[in-house]
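Novice: Residues in the sequence shown are numbered consecutively from -2, following my numbering.
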Amino acid sequence: MQPENHEKTHAVFVAAMAFLSSIKLDKGKLMKRIGLIGGMSWESTATYYRMINEAVRDSRGGLVSADIVMHSLDFSEVVALQKADRWDEAGALLGAAGARLANAGADCVLICTNTMHLVADTVEKMSGVALIDIIDETAAALKADGRRKPLLLATRYTMEHGFYTDRMRQHGVDLVVPEADDRAAIHDIIFGELCQGEIKSCSRERYLAVIEKARALGVDSVILGCTEISLLIDPDALPLPGYDSTAIHAKAAVDFALGDKAFDRAA
């Protein structure tokens, strides 16, 4: 490029930036950028993407869609780390994804899976932006309806590692988890079927049987605590009030993106 052409290009750039800076934007119409750490599995991440965009469209109308950046991980790598109990490495993997989203301009980060909230502290620290916690948001929804003793349906890691139960207890919610054989069945259906896009009526009946058993023990609600479970059972068609953690989490992201809601994960 000739020097004079370079100078002209630079002058045009400076003028354009000055013009853009002079525009007074309507802050009420701006939205924050949502960062999604997905792929765990991609089946449920697709649900997040759809739910968030549907909610934004319903709120703003027309052709408005959500401002989203996504890092979709290779789920097989994450599952291998889970099975090997290498949670520190899993946290570093997701934390690096969160940092990349922040570098791409994300104002918040969502871990699009319940299980990997076991490493939420690491992700929040490495990303440096607000982390919208699926456990906190689900607890808030339960408390708003006066529910204090929900049944948790989730992966074995979520039901047995204690991080979910402990954080719910901080919100005054006492979780009930299924018996060992039921936990194994729930876990196997999630990874062997739902994460691979398989929906079987016999598996639905198995889940409903677990819910009925817990109902007899006095639970007052059911948490669909794995983002794939809502692919199998409808939370609105259960014998107890159902709380779909995926839908709750997605709504929280939209509330953050379109409003001034702040998220503080401090214990």
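Glycine included, each C-beta is placed from N, C-alpha and C at the ideal position.
Assign Pro236 to one of two classes, buried (16 or more other C-beta atoms within 10 Å of its C-beta) or exposed (fewer than that).
Specialist: Result: exposed.
Novice: Would you kindly check if the distance between the Cβ of Val207 and the Cβ of Asp179 is under 8 Å?
Specialist: The answer is yes: Cβ separation under 8 Å.
Novice: Using the C-alpha atoms, what's the distance from Asp71 back to Leu91?
Specialist: Taking the straight line joining both Cα atoms gives about 11 Å.
Novice: Less than 8 Å between the C-beta atoms of Trp84 and Val106, yes or no?
Specialist: Not closer than 8 Å, so no.
Novice: What residue range is occupied by the uninterrupted alpha helix (DSSP H) comprising Gly239?
Specialist: Premise fails: Gly239 lies in the beta strand (DSSP E), Gly239 to Asp241, not in any alpha helix (DSSP H).
Novice: Does the separation of the CB atoms of Ala250 and Ile129 fall below 8 Å?
Specialist: The answer is yes: Cβ separation under 8 Å.
Novice: Below 8 Å on the Cβ atoms is my contact criterion, and I expect Cys223 with Leu150 to pass it. Report the Cβ-Cβ distance as a whole number of Å.
Specialist: The Cβ separation is near 7 Å, so the contact holds.
Novice: Looking only at its chain, what residues have a beta carbon closer than 7 Å to the beta carbon of Ile132, apart from the 5 residues adjacent to it on each side?
Specialist: Closer than 7 Å at the Cβ level, and outside the excluded window around Ile132, lie His114, Tyr161, Arg164 and Met165.
Novice: For Ser69, which beta-bridge partners are listed by DSSP?
Specialist: For Ser69, which the question treats as bridged, DSSP gives the partners Gly35.
Novice: Rounded to whole angstroms, what's the CA-CA distance from Ala136 to His168? Just pull it up for me.
Specialist: Cα-Cα distance, rounded: 7 Å.
Novice: Can you name, in chain order, every residue of its own chain whose Cβ lies under 6 Å from the Cβ of Thr119, other than the five neighbours on each side?
Specialist: Here the set comprises Gly88 and Gly92.
Novice: Below 8 Å on the Cβ atoms is my contact criterion, and I expect Ile31 with Ala244 to pass it. Report the Cβ-Cβ distance as a whole number of Å.
Specialist: Ile31 to Ala244, Cβ: 15 Å. No contact.
Novice: Quick one: grab the DSSP three-state call for Val251.
Specialist: Of the three classes helix, strand and coil, the one that applies to Val251 here is helix, per DSSP.
Novice: Just how far apart, CA to CA, sit Met28 and Asp252?
Specialist: Roughly 10 Å between the two C-alpha positions.
Novice: State the Cα-Cα distance for the pair Ala247 and Met156, rounded to the nearest angstrom.
Specialist: The alpha-carbon atoms of Ala247 and Met156 are separated by roughly 22 Å.
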